[in-house]
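Beneath this line is the structure, given in structure tokens, with notes to follow.
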Amino acid sequence: MKYKVTHTTEYQYGELTAVCHNLVHLTPRRSARQRCQDFRLEISPEPVHVTSRQDYFGNQSSYFSIQQSHQGLSVTASSRVTIAPVESIEESKSPGWEATRDELPSVRTPEWLDACQYVFDSPCVKGSAELAAYAAESFPAGRPVLEAVADLNRRIHADFRYDPQATSVTTPIHEVFQHRHGVCQDFAHVAIGCLRSLGLAARYVSGYLRTIPPPGKPRLVGADASHAWFAVYAGTFGWIDFDPTNNLLVDTDHITLAWGRDYSDVAPVRGVFVGAGHHTMAVSVDVEPQDE
3 MKYKVTHTTE YQYGELTAVC HNLVHLTPRR SARQRCQDFR LEISPEPVHV
53 TSRQDYFGNQ SSYFSIQQSH QGLSVTASSR VTIAPVESIE ESKSPGWEAT
103 RDELPSVRTP EWLDACQYVF DSPCVKGSAE LAAYAAESFP AGRPVLEAVA
153 DLNRRIHADF RYDPQATSVT TPIHEVFQHR HGVCQDFAHV AIGCLRSLGL
203 AARYVSGYLR TIPPPGKPRL VGADASHAWF AVYAGTFGWI DFDPTNNLLV
253 DTDHITLAWG RDYSDVAPVR GVFVGAGHHT MAVSVDVEPQ DE
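What follows is the structure, encoded as structure tokens:
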């Protein structure tokens with residue numbers, strides 16, 4: 003599947019600001035299934051400099067600084083991406099979840115060592131007995147790990163209500179769990195917290211989701227959105243991605259930008275500015291299929 007993606011973030015400030023510094027994760031990640039053929043970052047006002055590097059988790063990040071008076075900021079990332087389908091997965095053939103958990107601290111191959119870092123608490127995701135108890139219903143003794151995770155994914159989708167007004171990027175995971183509502187970022191954090199509370203490795207994935215219009219209706223430009231989901235390490239099966247917001251196994255409708263321990267590692271746009279008073283932000287994402 004081939005896509006053209008345009009992601010625009012605009013800030014308007016109540017007063018002039020003299021300087022701002024920004025770190026962005028907007029370059030689609032390269033993986034075994036995904037290739038980014040082209041990427042362009044357009045920034046207004048024009049920054050003093052823009053630098054790009056690969057971060058600790060292997061994501062491509064960009065930093066820029068604006069050092070002139072301005073009352074607004076626009077960041078547009080344009081990319082072309084090709085995604086291959088996920089190979090068929092037999093969840094029942096995956097190893098038992100306890101075996102996967104127990105092997106994490108003992109296997110010394112690079113893949114397992116990398117996965118180990120995703121077992122621990124991170125800034126936005128703290129494990130708890132409450133999360134472990136919720137997850138336990140999906141993880142009876144001996145159950146194949148991917149069967150169990152798929153069931154947890156389904157339960158979060160059923161038990162939590164999508165409500166973009168209910169939370170913000172700073173809402174703690176325990177509040178999301180208590181009130182059972184939030185957005186994709188929150189649901190991914192809850193799933194990760196559940197899995198880590200059982201000793202499994204889980205990471206946060208930032209990206210985009212292609213939306214499909216009803217039959218006979220045109221695709222609305224700009225109607226797609228930034229999205230988030232999670233991946234679990236399933237031993238010999240590797241990393242497998244699940245989308246709890248939509249109760250899906252991630253496939254060609256999902257475009258990966260970056261992954262890390264939680265949202266704080268891979269926020270699409272993050273920055274600081276001096277002055278400016280009150281500010282507003284607007285985000286527009288367009289995911290346009292090129293094969294149709």
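The sequence shown begins at 3 in our numbering and counts up by one. For every residue, glycine included, the Cβ atom is placed at its ideal position computed from N, Cα and C.
Query: Shortest alpha-carbon distance to P125 belongs to which of V171, E105, L106 and C118?; Result: V171
Query: So the beta strand (DSSP E) C38 belongs to, where does it begin and stop?; Result: Q36 to S46
Query: So what does L250 bridge to, in DSSP terms?; Result: D245
Query: Using 8 Å as the threshold, is the C-beta distance between I158 and V127 below it?; Result: no
Query: Throw me the rounded Cβ distance for the H27 and S63 pair, which I believe falls under 8 Å.; Result: 5 Å
Query: Assign S108 to one of two classes, buried (16 or more other C-beta atoms within 10 Å of its C-beta) or exposed (fewer than that).; Result: exposed
Query: When the Cα of N61 is compared with those of Q73, W241 and P270, which residue comes out closest?; Result: P270
Query: For a test of the three-state rule: what should DSSP assign to A131, helix, strand or coil?; Result: helix
Query: Of the residues D116, V21, A137 and S228, which one's Cα is nearest the Cα of G240?; Result: D116
Query: Quick one: Cα of Y58 to Cα of L18, how far?; Result: 34 Å
Query: Which residue spans inside the stretch 118–190 form an unbroken alpha helix (DSSP H) run of at least 4?; Result: 131–138, 147–161 and 175–181
Query: Can you tell which of P97, S33 and T29 has its C-alpha closest to the C-alpha of L43?; Result: T29
Query: Looking at the strands, I want to know which residues DSSP matches up with T78.; Result: T10 and E44
Query: Within the chosen definition, does the stretch 6–17 reach the stretch 236–256 through at least 3 CB pairs nearer than 8 Å?; Result: no
Query: Do V287 and H9 have their CB atoms nearer than 8 Å?; Result: yes
Query: Just mark T258 as buried or exposed, buried being the case when its beta carbon has 16 or more other beta carbons within 10 Å.; Result: buried
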